[in-house]
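Visitor:
There are 2 protein chains.
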Amino acid sequence: MPKADRFLKACRREPVDVTPIWLMRQAGRYMPEYRALREKHKILELIKTPELAAEVTFQPLSAFDLDAAIIFADILTLPEAMGLELEFVSGEGPLFHNPIRSPDDIRKLKPIDPAEALGFTLQAIRLVARELDGKVPLIGFSGAPFTLACYAIEGGSSRNFIKAKTLMHNETDAWHQLMERFADAAGKYLVAQVHAGAQALQLFDSWAGILSPADYVAYVQPHTRRVFDIVRESSDVPLIHFGTDTAGLLPHICRSGATVIGVDWRIDLHAAWRVIGEDFAIQGNLDPVTLFADIETIKEQAELILQQADGRKGHIFNLGHGILPETPTEHVAALVDFVHSYAIPAP
Amino acid sequence: MPKADRFLKACRREPVDVTPIWLMRQAGRYMPEYRALREKHKILELIKTPELAAEVTFQPLSAFDLDAAIIFADILTLPEAMGLELEFVSGEGPLFHNPIRSPDDIRKLKPIDPAEALGFTLQAIRLVARELDGKVPLIGFSGAPFTLACYAIEGGSSRNFIKAKTLMHNETDAWHQLMERFADAAGKYLVAQVHAGAQALQLFDSWAGILSPADYVAYVQPHTRRVFDIVRESSDVPLIHFGTDTAGLLPHICRSGATVIGVDWRIDLHAAWRVIGEDFAIQGNLDPVTLFADIETIKEQAELILQQADGRKGHIFNLGHGILPETPTEHVAALVDFVHSYAIPAP
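For the record, the sequence lines run as chains A and B.
Every position in the first sequence, counted from 1, becomes a number in the numbering used here once 4 is added.
Every position in the second sequence, counted from 1, becomes a number in the numbering used here once 4 is added.
1. Can you tell me the Cα-Cα spacing of residue 45 (chain A) and residue 165 (chain B), whole angstroms?
2. Using a Cβ-Cβ distance cut-off of 7 Å, determine whether residue 319 (chain B) contacts chain A.
3. Does any residue of chain B have a CB that is nearer than 7 Å to the CB of residue 33 (chain A)?
4. I need the boundaries of the alpha helix (DSSP H) containing residue 98 (chain B), first residue and last residue.
5. Within the same chain, show all residues whose beta-carbon is closer than 8 Å to that of residue 267 (chain A), passing over the 5 residues directly before and after it, in chain order.
6. With DSSP as the reference, label residue 348 (chain B) as helix, strand or coil.
7. Just the Cα atoms here: how many angstroms apart are residue 228 (chain A) and residue 110 (chain B)?
8. Counting along the chain, where does the alpha helix (DSSP H) carrying residue 123 (chain B) start and finish?
9. Should the segment 289–300 of chain B be called in touch with the segment 325–343 of chain B, which here means at least 3 C-beta pairs below 8 Å?
10. Quick one, which of B:41, B:50, B:65 has its alpha-carbon nearest residue 25 (chain B)'s?
11. Any Cβ of chain B within less than 7 Å of the Cβ of residue 164 (chain A)?
12. Could you name the residues of the segment 275–293 of chain A whose beta carbon sits closer than 9 Å to any beta carbon of chain B, in the order they occur along the chain?
13. At the 7 Å Cβ level, is residue 252 (chain B) part of the contact set with chain A, yes or no?
14. Among residues of its own chain, excluding the 5 on either side of residue 161 (chain B), which ones have a beta-carbon nearer than 7 Å to its beta-carbon?
15. Measuring CB to CB, does residue 140 (chain B) end up less than 7 Å from residue 71 (chain B)?
16. Touching or not, the segment 190–202 of chain A and the segment 126–136 of chain A, by the rule of three or more beta carbon pairs under 8 Å?
17. Does any residue of chain B bring its CB to less than 7 Å from the CB of residue 204 (chain A)?
18. For residue 219 (chain B), does the count of other Cβ atoms within 10 angstroms reach 16, so buried, or fall short, so exposed?
19. Within 10 angstroms of the Cβ of residue 305 (chain B), are there 16 or more other Cβ atoms? Answer buried if so, exposed if not.
20. Quick one: list the residues of chain B neighbouring residue 339 (chain A), beta-carbon separation under 9 Å, in chain order.
21. Name the DSSP beta bridge partners of residue 90 (chain A), please?
22. Under 7 Å between the Cβ atoms of residue 157 (chain A) and residue 104 (chain A)?
23. Helix, strand or coil for residue 319 (chain A) per DSSP?
24. Quick check on DSSP: helix, strand or coil for residue 205 (chain B)?
25. Strictly under 7 Å for the Cβ-Cβ distance: is residue 217 (chain B) near chain D by that measure?
26. Consult DSSP for residue 198 (chain B) and reduce its assignment to one of helix, strand or coil.
27. With which residues is residue 287 (chain A) paired in a DSSP beta bridge?
28. When you compare the segment 15–30 of chain B with the segment 83–96 of chain B, are there three or more beta-carbon pairs, one atom per stretch, that lie closer than 8 Å?
29. Could you check where the alpha helix (DSSP H) with residue 66 (chain A) kicks off and where it finishes?
30. Using DSSP with H/G/I as helix, E/B as strand and the rest coil, what is residue 178 (chain B)?
31. Looking at chain B, which residues of the segment 102–125 of chain A have a Cβ within less than 7 Å of any of its Cβ atoms?
32. Please list, in chain order, the chain B residues whose beta carbon lies closer than 7 Å to that of residue 322 (chain A).
33. Show which residues of chain A have a CB atom less than 8 Å away from the CB atom of residue 211 (chain B).
34. If you check the beta carbons only, do residue 244 (chain A) and residue 264 (chain A) fall under 7 Å apart?
35. I need the straight-line Cα distance from residue 10 (chain A) to residue 163 (chain B), nearest angstrom please.
36. List, from N- to C-terminal side, the alpha helix (DSSP H) runs of 4 residues or more that fit wholly inside the segment 210–267 of chain A.
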């Protein structure tokens, strides 16, 4: 089987020769090549210069035997394009200078034309797709409405998300308007990414796991479904839903429109599959901190996950969250090679 | 039914008139009375002066119709007594100046005699138990070995717990020695609390939810079980296990020796009960951030949880984590009264 096919076949729950693997944040600070570029360019400069974004996208593909590329971009350029002033503050992470705090702030958000407002990422996708030339598939992505809304309301990351949840509970109409705007924008943005050359799409609802199942169903799920519905109208690329802390949400997340469900390490892979049922592919689920352990431990833990997949069709190996900045690169290489060396048992 | 009986009866899965409620961190910064005391005393001074700790313990009981008291103390005075230098740094939380980084650091930990090393909390328990005079039961508590080990190794809170998990994976013998020391100390400390007058005990494994189920079973569960076994040898008080992010760990947590399982809001109460089975009582599980919403929303969300309990014996209403510092006190009062006004359906 050509290596190029593994990832997409696994997404579609078709048989594969070995389990495909890619890693969230596979292009990032743990790589010396990336740090070297970051010394010369700010992060938004890397993202907004298509040639540089393409170069970063390729860095992990040159270093490791990965089965998919993911475009180097950031989920917050979408709300930025809609009018929120974004800054990446060294040591603190991203923040918005004009967070959303009222219905009036929501009305001021601009609808976007992705070709115009996010053309830099679409152009980067075109460059990467051309250079990849089918060697491995290219994944596009967007933030999910909920995670974008949390950032937009809190103005950055947050410990308890009090402002976001309180707007959600107390100003429910405004909340749904905000979520609809983000859902429409994310849907359009993802469609444009497919037109530019993305062959699979991941929706990052990284923070969905801060919600109770009832709140997820009432305040989030309809908008997540809307994003996937918009994409489905014009494309049949695999759709991946990603979140962390979602063990209790899985019965609902698998009804949000994705066909590949990302799970973190806080639930056994086979337990997650039991919950969502075998109609779905699963992406996951090694604890990223495991990559700091010795290589024997890494292999043991990876093997445990592969054993739990137990020959089911539709397992894409990944971490349960993004790779961490201090991760040793030789441990990443060992993980990728081990996953490829594992003989999938007959189903 | 005397109000005094509700909490303990629910812990034992006996019938109750209405659902008992207490709140984690019910004595704390959201109360003006507490903030007034904190202006005069540092937090460790409050904890280590039995009369002041007793006074703080009573503050929420005077303000709200709660069904249990919990002694005002901190889980980190135990590792402090064993030799770690503890400081509460304003705005940053607790930290240890000499964190554990090597097997040698572990050997330096002192075994403790709780009567001597933690006598201030035991004396506070005696004072509170005497003054309560059976009006409501008094809960004692300790940190669980894993959460204590994380604090001890990281030196404070942490985002990814890389140092703790890496010691756990790479220096497994040292890890188990550290966990055994904390388990023995926590077990002895809890027994001493019962002798002083605590009528139920909660083990805070607040951070267990950062682990995969396999890591929990291999590196944590035997030590948690040891703590509960030590208490069981001399007492039959109800034992509560508390953790957050545990939806995927519940099948294992319920085999760690507690009979009451605390669950956070990230899983539906009835789903959690389905996983652990009806031999256990459940404590939980309102999202603490819900207390920032309007009172109608708070009541709706509390009612949903009570409905999910569905007349099963053994529900203790609580938050899914500690009450947050800015929580409006009138919302707390409304929650407590609403829970007591809810008519438990016939089973």
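All C-beta atoms, glycine included, are put in the ideal place defined by N, C-alpha and C.
Quantities reported herein were computed from a predicted structural model and do not represent experimental measurements.
Guide: Judging by the given coordinates:
1. If you number the first sequence from 1, residue 45 (chain A) lands on position 41. If you number the second sequence from 1, residue 165 (chain B) lands on position 161. Roughly 30 Å separates the two Cα atoms.
2. Mapped onto the second sequence, residue 319 (chain B) falls at position 315. It does not; no Cβ of chain A falls within 7 Å.
3. Taking the first residue of the first sequence as position 1, residue 33 (chain A) is located at position 29. In terms of beta-carbon proximity, residue 33 (chain A) stays away from the interface with chain B, with every pair separated by 7 Å or more.
4. In the second sequence, the residue the question calls residue 98 (chain B) occupies position 94. Per DSSP, residue 98 (chain B) belongs to no alpha helix (DSSP H); it is in the beta strand (DSSP E), 97–100.
5. As a position in the first sequence, residue 267 (chain A) is number 263, starting the count at 1. The residues are 250, 251, 254, 273, 276, 286, 287, 288, 289, 324.
6. What you label residue 348 (chain B) is simply residue 344 of the second sequence in a count that begins at 1. Three-state DSSP puts residue 348 (chain B) in coil, outside helix and strand.
7. Along the first sequence, read from residue 1 onward, the residue named residue 228 (chain A) stands at position 224. Along the second sequence, read from residue 1 onward, the residue named residue 110 (chain B) stands at position 106. Going by the C-alpha atoms only, they are around 48 Å apart.
8. For this step, residue 123 (chain B) is matched to residue 119 along the second sequence. Segment 123–136, the alpha helix (DSSP H) holding residue 123 (chain B).
9. Yes, since at least three Cβ pairs between the segment 289–300 of chain B and the segment 325–343 of chain B fall closer than 8 Å, the two stretches touch.
10. Within the second sequence, residue 25 (chain B) is the residue found at index 21, counting from 1. Comparing Cα positions, the closest option is B:65.
11. For the purposes of this step, residue 164 (chain A) is taken as residue 160 along the first sequence, with counting starting at 1. By this cut-off, residue 164 (chain A) is an interface position.
12. Per Cβ criterion, the list reads 275, 276, 289, 290, 291, 292, 293.
13. Taking the second sequence and counting its residues from 1, the one referred to as residue 252 (chain B) is at position 248. Taking Cβ atoms only, chain A reaches closer than 7 Å to residue 252 (chain B), which makes this a yes.
14. The count along the second sequence starts at 1 and reaches residue 161 (chain B) at position 157. Taken in chain order, the residues that qualify are 97.
15. Residue numbering aside, residue 140 (chain B) sits at position 136 when the second sequence is read from its first letter. Residue numbering aside, residue 71 (chain B) sits at position 67 when the second sequence is read from its first letter. Yes, the Cβ-Cβ distance between residue 140 (chain B) and residue 71 (chain B) is below 7 Å.
16. Inter-segment contact for the segment 190–202 of chain A and the segment 126–136 of chain A is present: three or more beta-carbon pairs are separated by less than 8 Å.
17. Walking along the first sequence from the start, residue 204 (chain A) turns up at place 200. Residue 204 (chain A) does not count as touching chain B.
18. Counted from its first residue, the second sequence places residue 219 (chain B) at position 215. Residue 219 (chain B) counts as buried, since no fewer than 16 other beta carbons sit within 10 angstroms of its beta carbon.
19. Against the second sequence, residue 305 (chain B) aligns to sequence position 301. Classification of residue 305 (chain B): buried, given that the 10 Å Cβ count is 16 or more.
20. As a position in the first sequence, residue 339 (chain A) is number 335, starting the count at 1. Listed by position along chain B, the residues whose Cβ is nearer than 9 Å to that of residue 339 (chain A) form an empty set, because the closest Cβ is around 14 Å away.
21. On the first sequence, residue 90 (chain A) is found 86 positions in, with the first residue counted as 1. In DSSP, residue 90 (chain A) forms a bridge with A:100.
22. As a first step, residue 157 (chain A) is located in the first sequence; it is residue number 153 there, counting from the start. As a first step, residue 104 (chain A) is located in the first sequence; it is residue number 100 there, counting from the start. Yes, these two residues count as a Cβ contact at 7 Å.
23. Here residue 319 (chain A) corresponds to residue number 315 of the first sequence, with the count starting at 1. If DSSP states are grouped into helix, strand and coil, residue 319 (chain A) belongs with the strands.
24. Indexing the second sequence from 1 puts residue 205 (chain B) at position 201. When DSSP states are grouped into helix, strand and coil, residue 205 (chain B) belongs to the strand group.
25. Note that chain D does not occur in the displayed structure, where the protein chains are A and B.
26. Against the second sequence, residue 198 (chain B) aligns to sequence position 194. Residue 198 (chain B) falls in the helix class under three-state DSSP.
27. Here residue 287 (chain A) refers to the residue found at position 283 of the first sequence. In DSSP, residue 287 (chain A) forms a bridge with A:266, A:320.
28. Counting C-beta pairs with one atom in each stretch, the segment 15–30 of chain B and the segment 83–96 of chain B have fewer than three that are closer than 8 Å, which means they do not touch.
29. Residue mapping note: residue 66 (chain A) aligns to position 62 of the first sequence, counting from 1. In this chain, the alpha helix (DSSP H) harbouring residue 66 (chain A) covers 54–67.
30. In the second sequence, counting from the first residue as 1, residue 178 (chain B) sits at position 174. Secondary structure at residue 178 (chain B): helix, using DSSP grouped into helix, strand and coil.
31. The residues in question: there are none.
32. As a working mapping, residue 322 (chain A) is identified with position 318 in the first sequence. Think of a sphere of 7 Å around the beta carbon of residue 322 (chain A): no beta carbon from chain B falls inside it, the nearest being about 14 Å out.
33. Reading the second sequence from its first residue, position 207 is the one you call residue 211 (chain B). Residues of chain A passing the Cβ test: none, with the nearest at roughly 12 Å.
34. Stepping through the first sequence from its first residue, residue 244 (chain A) is reached at position 240. Stepping through the first sequence from its first residue, residue 264 (chain A) is reached at position 260. Their beta carbons are under 7 Å apart, which means residue 244 (chain A) touches residue 264 (chain A) by this criterion.
35. To locate residue 10 (chain A), count along the first sequence from 1; it is residue 6. To locate residue 163 (chain B), count along the second sequence from 1; it is residue 159. Answer to the nearest angstrom: the Cα atoms are 34 Å apart.
36. Within the segment 210–267 of chain A, the complete alpha helix (DSSP H) runs of at least 4 residues are 225–236, 254–257.
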